[in-house]
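>
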Amino acid sequence: MTRKSERIARSRRRRLRSLVYGTVASAIAVIIGLSGAGATYAFLSSTVSAPGATVTAGTLTIQINGSNSAALGPFAVSPSVPVAKAFSVQNTGNAPATLDAAISAATTPAITSHTLARVTEVANSAACVTGLAGPQGTLHGYSSALAGGSLQPAATRWYCLEVSLPAATPATVSGQGFNFTMTVGATQSAS
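The opening position of the sequence shown corresponds to residue 423 in my numbering, with each subsequent residue numbered one higher.
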């Protein structure tokens, strides 16, 4: 081999050695980085352009017993006689909704702090009876998410409002009456 051939061969070996060392060092750095970080990395990524998007406005409206408001009538309760009344909620808009209920008394005589409320999902109006399960609380200030998940457009769901007095209600509040309003609220949910 000539001197020139030897120099070229040495130069090639140095470049090959540098390339191998660089590759090994890079691979070790990536392995250490990935094992120490505990995260997921994407070595390859891709993007795609969408030709366009459409945004559509929806409506979120509900009706109670087929109307914007409904009177459920008087609740004549005593410690031994709770009262339950059914009502339906229909989604008349075109967006799905989750429902909640809030109750407030127009006046707050002493009996309101003893009066209890519970709203429970039922299959139909006939299934609305006293003693159903569900969160129960003081009527004035009662607030609860209504069961059943997302109410889809055009769907109807039945609920039962139970009003009761506990057995330990003091006789001093006997005969008191009051008016209350239950508001069923709807919040748009994911489709």
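Ideal Cβ positions, reconstructed from N, Cα and C, are used throughout, including at glycine. All of these numbers come straight from a predicted model, not from anything done at the bench.
Assuming contact is defined by CB atoms lying nearer than 8 Å, are LEU583 and LEU521 in contact in what I supplied?
Cβ distance not < 8 Å, so LEU583 and LEU521 don't count as in contact.
> If ALA548 and ALA608 are in contact, beta carbons under 8 Å, what's the gap, nearest whole angstrom?
Their Cβ separation, rounded to whole angstroms, is 25 Å, which puts ALA548 and ALA608 out of contact at 8 Å.
> Based on the DSSP secondary-structure assignment, which residues constitute the bridge partners of ASN513?
Note: ASN513 sits in a beta bridge opposite ILE484.
> Could you have a look at VAL595 and say whether DSSP puts it in helix, strand or coil?
The answer is helix: DSSP assigns VAL595 an H, G or I state.
> How is THR605 classed by DSSP in three states: helix, strand or coil?
It is a strand residue.
> Enumerate in chain order the residues of its own chain whose CB-to-CB distance from THR542 is below 6 Å, with the five nearest sequence positions on each side excluded.
These residues qualify, in order along the chain: LEU554, GLY556 and CYS582.
> Use the C-beta contact count for THR481: other C-beta atoms within 10 angstroms, 16 or more gives buried, fewer gives exposed.
Looking at its Cβ environment, which holds fewer than 16 other Cβ atoms inside 10 Å, THR481 is exposed.
> Going by the beta-carbon positions, is the gap between ALA618 and LEU573 smaller than 8 Å?
Because residue 618 is not part of the residues shown, which for the chain are 423 to 613, the question remains open.
> Considering only the alpha carbon of each residue, which of GLN610, VAL606, SER611 and ALA612 lies closest to PHE509?
Checking every option, the nearest Cα to that of PHE509 belongs to VAL606.
> Between SER502, THR552, SER526 and GLN512, which lies nearest to GLY488 when the distance is taken from Cα to Cα?
Among SER502, THR552, SER526 and GLN512, the Cα nearest to that of GLY488 belongs to GLN512.
> Who are the Cβ neighbours of VAL595 in its own chain at under 7 Å, not counting the five residues just before and after it?
Excluding residues within five positions, the ones whose Cβ falls inside 7 Å are ALA532, ILE533 and HIS536.
> As a quick exercise: from ASN601, GLY570, THR529 and PRO504, pick the residue whose alpha carbon is nearest that of ARG540.
Looking at the Cα atoms, PRO504 is the closest of the given residues.
> For a test of the three-state rule: what should DSSP assign to ALA545, helix, strand or coil?
In this structure, ALA545 counts as coil in the three-state DSSP scheme.
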